[in-house]
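Data block below; observations after.
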Amino acid sequence: MSVNINEASVTVRKAARALGRSGLVHAYGHCSMRLDAGTFLVCPASPPGLVGVGEECTVLQVHEPLPENVLGEVRLHQQIYQNRADVNGVVRFMSPKMMSLAAMGLSPKPRHGFGSYFAPSVPLWDDPQLIRDDERAQKVIRLMGEAKAVLMRGNGAVVAGQSLEEAVVLAWYLEDSCRVELDVLASGMAQHAPVLSNEEAAQRATKAGRIFERMWQFLTNDDEE
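Position one of the sequence shown corresponds to residue 1 (UniProt numbering), numbered consecutively onward.
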């Protein structure tokens, strides 16, 4: 895979602003896109929703130490790109329902359509500390394995997609899955409410019908770029 850096920069900035507008991030959070086997592009180190038109993104090396001026938890992106050849986009975010569920030490079960994309479960890193060293980042991503996401107790989540557009949509899906899980828990029906089987989830987690493209269009509607 090799991507035009100017086109990639536009996509990264649009993704950052979409995350901000949809309430998936606030002052904190970041997104990135793989450029090729050895490099990736990360959004500016500012609140994602405030990223300006044409603002410069940063090219980073997949297999070299991160520069000191890069946000510390970008190493989570780097570790994913090192270990997952299938991943070309990563989002680090702190959405409200997901933060609440993860703070309880829980991750959502695949109870509805959007949750099917994370079946059979979303791994949970049971430590609220920031991930600002390589050793911790390696452990988190090792726990994540081949899953599309990993929750971090009291510290948000990371999602990975075959494209950055897909990763942004998956972030929205994960937040909605956490909303549903919290509603089920609040109802007192958690032990009785249905959970999708692996077969049901595999059938429902489709990419057909422009599923991801339509949500990306919705999330980036009226973007300045």
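We put the beta carbon where it would ideally sit given N, CA and C, even for glycine.
These numbers were taken from a predicted model, which means no experiment stands behind them.
Between the alpha carbons of residue i and residue j, how many angstroms are there, rounded?
i: Arg132; j: Gly72; result: 5 angstroms
i: Ala160; j: Ala149; result: 6 angstroms
i: Met33; j: Leu164; result: 6 angstroms
i: Val89; j: Glu56; result: The question names Val, yet the displayed sequence has Gly at residue 89. Taking the straight line joining both Cα atoms gives about 18 angstroms.
i: Val42; j: His192; result: 43 angstroms
i: Ala102; j: Leu151; result: 6 angstroms
i: Ala8; j: Gly188; result: 45 angstroms
i: residue 231; j: Tyr81; result: Shown here, the chain extends from 1 to 225; a query on residue 231 therefore has no answer.
i: Arg214; j: Gln203; result: 19 angstroms
i: Ala37; j: Val62; result: 8 angstroms
i: Leu106; j: Phe114; result: 17 angstroms
i: Val10; j: Arg84; result: 24 angstroms
i: Thr206; j: Phe212; result: 9 angstroms
i: Val158; j: Ala208; result: 24 angstroms
Can you list, in chain order, the residues of its chain whose CB lies under 8 angstroms from that of residue i, leaving out five sequence neighbours each side?
i: Arg75; result: Leu66, Ile131, Arg132, Asp133, Asp134 and Ala137
i: Asn69; result: Ala45
In the DSSP assignment, the beta strand (DSSP E) including residue i goes from what residue to what residue?
i: Met152; result: Ala149 to Met152
i: Phe40; result: Thr39 to Val42
i: residue 233; result: Within the shown structure, residues of the chain are numbered from 1 to 225, placing residue 233 beyond reach of any answer.
i: Phe118; result: Here Phe118 belongs to no beta strand (DSSP E), and DSSP marks it neither H nor E.
Using only CA atoms, which one of the options lies nearest to residue i?
i: Ser197; options: Val169, Ala186, Phe118 and Gln162; result: Phe118
i: Lys97; options: Asp176, Gln217, Val70 and Phe212; result: Asp176
i: Val140; options: Glu166, Thr206, Arg92 and Asp36; result: Arg92
i: Gly145; options: Gly23, Gln79, Arg214 and Phe218; result: Gln79
i: Pro123; options: Asp36, Ala37 and Leu174; result: Leu174
i: Glu64; options: Val51, Thr39 and Asp222; result: Thr39
i: Ala16; options: Asn4, Leu35, Ala208 and Val53; result: Val53
Ends of the alpha helix (DSSP H) at residue i?
i: Thr11; result: Ile5 to Arg21
i: Leu60; result: Element bounds for Leu60: not the alpha helix (DSSP H) but the beta strand (DSSP E), Thr58 to Gln61.
i: Pro96; result: Pro96 to Ala103
i: Glu55; result: Segment: none, Glu55 is in no alpha helix (DSSP H) and carries neither H nor E.
i: Arg204; result: Asn198 to Arg204
i: Ala45; result: Unbroken run through Ala45: none, as it is neither H nor E.
i: residue 227; result: For residue 227 there is no data in the structure shown, the boundaries of the chain being 1 and 225.
Once you ignore the five residues that flank residue i on each side, which residues in its own chain have a CB closer than 7 angstroms to its CB?
i: Val184; result: Arg111, Ala190 and Ala193
i: His30; result: Val42, Cys43, Pro48, Leu71, Val74 and Arg92
i: Met99; result: Gly156
i: Leu24; result: Phe93, Ser95, Ala171, Trp172 and Glu175
To which residues does DSSP link residue i through a beta bridge?
i: Trp172; result: According to DSSP, Trp172 bridges with nothing at all.
i: Gly89; result: Met33 and Gly161
i: Leu124; result: Leu151
Starting from the C-beta of residue i, find all residues in its chain whose C-beta is less than 6 angstroms away, skip the five residues before and the five after it, and write them out in chain order.
i: Ala201; result: Pro110, Ser116 and Ala119
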